[in-house]
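Structure record follows, encoded as structure tokens.
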Amino acid sequence: MGKSITWVVKGFLVASLVFFSSCAVGNETSGVSIENAVVTADAHDLERSDAVTVSWPVVRKGDISLNAKAVQYFLKHRGYSITVDGNFGSGTETIVKSFQTSNGLSADGVVGSGTWGKLIVTVQYGNNNTAVKCLQDVLKTKYGYSVTVDGIYGNGTKTAVLDFKSKKGLTGADVVGVTTWEYLLGNTSTQPTDFWGSRASSWGFPLKSGYLSTTTGSRNFGASRDGGARAHAGVDLVPTTGPGTTVYAMTSGTVLSYYVFYAGTYALEVKNDDGTIIRYTEITSSFRAGARVSKGQAIGTIIRNTSGGSYMLHLEVYMGTSTGALTNRYNTTYKYVSYKNYQRRSDIIDPMGVIKLPRM
Numbered sequence: 114m115g116k117s118i119t120w121v122v123k124g125f126l127v128a129s130l131v132f133f134s135s136c137a138v139g140n141e142t143s144g145v146s147i148e149n150a151v152v153t154a155d156a157h158d159l160e161r162s163d164a165v166t167v168s169w170p171v172v173r174k175g176d177i178s179l180n181a182k183a184v185q186y187f188l189k190h191r192g193y194s195i196t197v198d199g200n201f202g203s204g205t206e207t208i209v210k211s212f213q214t215s216n217g218l219s220a221d222g223v224v225g226s227g228t229w230g231k232l233i234v235t236v237q238y239g240n241n242n243t244a245v246k247c248l249q250d251v252l253k254t255k256y257g258y259s260v261t262v263d264g265i266y267g268n269g270t271k272t273a274v275l276d277f278k279s280k281k282g283l284t285g286a287d288v289v290g291v292t293t294w295e296y297l298l299g300n301t302s303t304q305p306t307d308f309w310g311s312r313a314s315s316w317g318f319p320l321k322s323g324y325l326s327t328t329t330g331s332r333n334f335g336a337s338r339d340g341g342a343r344a345h346a347g348v349d350l351v352p353t354t355g356p357g358t359t360v361y362a363m364t365s366g367t368v369l370s371y372y373v374f375y376a377g378t379y380a381l382e383v384k385n386d387d388g389t390i391i392r393y394t395e396i397t398s399s400f401r402a403g404a405r406v407s408k409g410q411a412i413g414t415i416i417r418n419t420s421g422g423s424y425m426l427h428l429e430v431y432m433g434t435s436t437g438a439l440t441n442r443y444n445t446t447y448k449y450v451s452y453k454n455y456q457r458r459s460d461i462i463d464p465m466g467v468i469k470l471p472r473m
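With my numbering, the residue at position 4 of the sequence shown is 117, and numbering never jumps.
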């Protein structure tokens with residue numbers, strides 16, 4: 114696997130080295146052994162004033178995520194007929210393989226550092242295209258900026274880009290080149306990358322019904338709330354069967370508490386046997402503190418809230434490595450996710466992987 118890219122800038126862009134082992138991410142070496150390869154960034158996309166390590170995400174078939182959506186945006190920008198929905202299915206995999214073949218990469222369908230390097234598009238103020246739409250979607254969905262996702266790189270998008278780059282110590286004005294894209298899309302958290310995969314055999318999906326896409330409608334983790342004042346701290350699973358849908362325990366554990374959560378709905382906190390904590394919310398339940406729940410057991414019912422009448426299972430997951438209330442409006446430090454104003458305890462994790470769990 115390729116090691117992370119290290120950018121070293123002291124007043125100007127010097128160079129960037131990528132050291133690959135014998136098996137690069139996604140086998141993306143175009144059939145050539147790459148050693149001490151020099152990678153250059155767009156001349157106008159100058160970056161940090163110190164040395165920092167960042168890494169591209171690896172995206173593949175089965176992923177349902179914003180990064181998968183970014184892959185689709187870029188492919189669409191490059192002329193491929195593809196649906197941009199964040200679901201990396203067989204169709205997306207086939208198109209990725211075609212793109213890889215056309216660009217001299219190993220056609221394995223996995224989007225790693227080599228494919229990202231060929232796939233991303235440099236954009237700047239004044240552009241109007243699908244790549245800009247991708248930029249806006251990432252800024253809004255992942256980082257909470259109040260931008261319109263319309264593909265037009267205007268003043269609002271420019272302001273957001275400049276703010277993001279300033280916070281990351283990046284220079285290069287409003288240009289979003291290879292390094293800025295890497296910071297936007299890259300892996301910056303310390304959450305174990307196999308958290309959900311490692312639980313596929315011991316945890317189950319909490320609904321038996323169908324549900325609306327978790328990557329649209331601001332239902333995703335990190336989506337903007339209150340005009341950008343805070344970030345969505347969970348994932349909303351909206352059942353196609355409506356209110357009254359039964360919620361099932363994802364794994365076995367002990368109830369910590371049950372209390373009013375939001376607009377006439379309730380939260381059930383369960384400490385799982387592996388030490389993690391799940392907060393099942395916007396439900397009603399007969400379980401109380403101290404009760405045992407077993408994987409697959411019915412533990413509650415989704416109800417409408419009294420603020421607009423919407424309904425969902427709002428799901429939050431915590432590693433269980435911090436103490437105190439799960440809601441913490443003043444916390445500014447997070448162990449497993451990049452900072453946003455989640456107003457939650459420091460051990461919250463990204464719950465989007467719940468959709469990878471098997472049905473019970």
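Virtual Cβ for every residue (Gly too), placed ideally from N, Cα, C.
Just so you know, these numbers come straight off a predicted model, no measurement behind them.
Identity of the residue in the options nearest residue i by Cα
i: T224; options: V236, Y375, N240, W169; result: Reading off the sequence, residue 224 comes out as Val, not Thr. For the residues V236, Y375, N240, W169, the minimum Cα distance to V224 belongs to W169.
i: D400; options: V430, E429, Y361, R472; result: First, the residue type needs correcting, since residue 400 is Phe and not Asp in the sequence shown. Among V430, E429, Y361, R472, the Cα nearest to that of F400 belongs to Y361.
i: T270; options: S279, K174, S194, L248; result: L248
i: L275; options: V288, I265, G264, D263; result: V288
i: R173; options: W229, K280, K281, S215; result: W229
i: V234; options: A244, N240, G227, S226; result: A244
i: G227; options: T394, G317, S178, F212; result: F212
i: L369; options: A376, L470, T378, I390; result: I390
i: G422; options: S407, D463, Y375, S459; result: Y375
i: A336; options: T254, E206, G222, Y424; result: T254
i: V351; options: T328, G217, Q237; result: T328
i: S311; options: K189, D387, K210, Y449; result: D387
i: V450; options: L320, A220, G285, G299; result: G299
i: G110; options: S314, G290, L188; result: With the chain covering only 114 through 473, there is no way to say anything about residue 110.
i: R442; options: L188, A346, T358, W316; result: A346
i: R191; options: A402, Y256, K231, G330; result: K231
i: N240; options: L218, D263, T293; result: D263
i: N242; options: V260, Y266, A220, V251; result: Y266
i: Y371; options: L325, A438, P356; result: A438
i: S322; options: T293, L179, M425; result: M425
i: G341; options: A380, L252, L381, R392; result: L252
i: A380; options: L428, V197, S459; result: L428
i: I177; options: M473, G290, Y393, F334; result: F334
i: Y324; options: T359, W316, V291, N268; result: T359
i: I468; options: S420, S219, M363; result: M363
One or two residues paired with residue i in a DSSP bridge
i: Y424; result: R417
i: T397; result: T414
i: A344; result: S337
i: I391; result: V383, V430
i: D349; result: H427
i: M360; result: Here residue 360 is Val; the residue named in the question, Met, does not match the sequence. In DSSP, V360 forms a bridge with G413.
i: V184; result: V184 is not bridged to any residue.
i: T367; result: K384, R405
i: I462; result: V430
i: Y375; result: The partner list for Y375 (beta bridge, DSSP) is empty, contrary to what the question assumes.
i: T440; result: R457
i: Y296; result: The partner list for Y296 (beta bridge, DSSP) is empty, contrary to what the question assumes.
i: Y324; result: P352
i: I177; result: N200
Cβ-Cβ separation, residue j to residue i (assumed contact under 8 Å), whole Å
i: A273; j: Y258; result: 4 Å
i: K246; j: Y193; result: With 8 Å as the limit, K246 and Y193 do not qualify as a contact, their Cβ atoms being about 15 Å apart.
i: K182; j: G202; result: That pair is no contact at about 12 Å.
i: S398; j: I415; result: Incorrect: roughly 11 Å between the Cβ atoms, too far for contact.
i: G466; j: W309; result: 3 Å
i: Q456; j: T436; result: Their Cβ separation, rounded to whole angstroms, is 17 Å, which puts Q456 and T436 out of contact at 8 Å.
i: E395; j: T367; result: Contact doesn't hold; Cβ gap of about 21 Å is too wide.
i: R343; j: N454; result: 5 Å
i: P464; j: V383; result: Not really, about 14 Å apart at Cβ, beyond 8 Å.
i: V209; j: G222; result: 5 Å
i: S365; j: V406; result: 7 Å
i: I461; j: Y447; result: 6 Å
i: T205; j: V184; result: 7 Å
Outcome for residue i when other beta-carbon atoms lying within 10 angstroms are tallied against a minimum of 16
i: T303; result: For T303, the pLDDT reaches just 46, beneath the cut-off of 50, and the residue's location in the model is therefore unreliable, leaving the point undetermined.
i: V373; result: exposed
i: D339; result: exposed
i: P471; result: exposed
i: K280; result: exposed
i: R161; result: Reliability fails at R161, whose pLDDT of 40 lies under 50, so the model's placement of it is uncertain and the value that follows must be treated cautiously. Its Cβ being crowded by 16 or more others within 10 Å, R161 is buried.
i: T445; result: exposed
i: S215; result: exposed
i: G285; result: buried
i: G330; result: exposed
i: T293; result: buried
i: A402; result: exposed
i: G175; result: exposed
i: G282; result: exposed
i: N180; result: buried
i: T354; result: exposed
i: G357; result: exposed
i: N385; result: buried
i: S459; result: buried
At 4 residues or longer, and completely inside the stretch 210-270: list those alpha helix (DSSP H) runs for me, N to C. 226-232, 243-254
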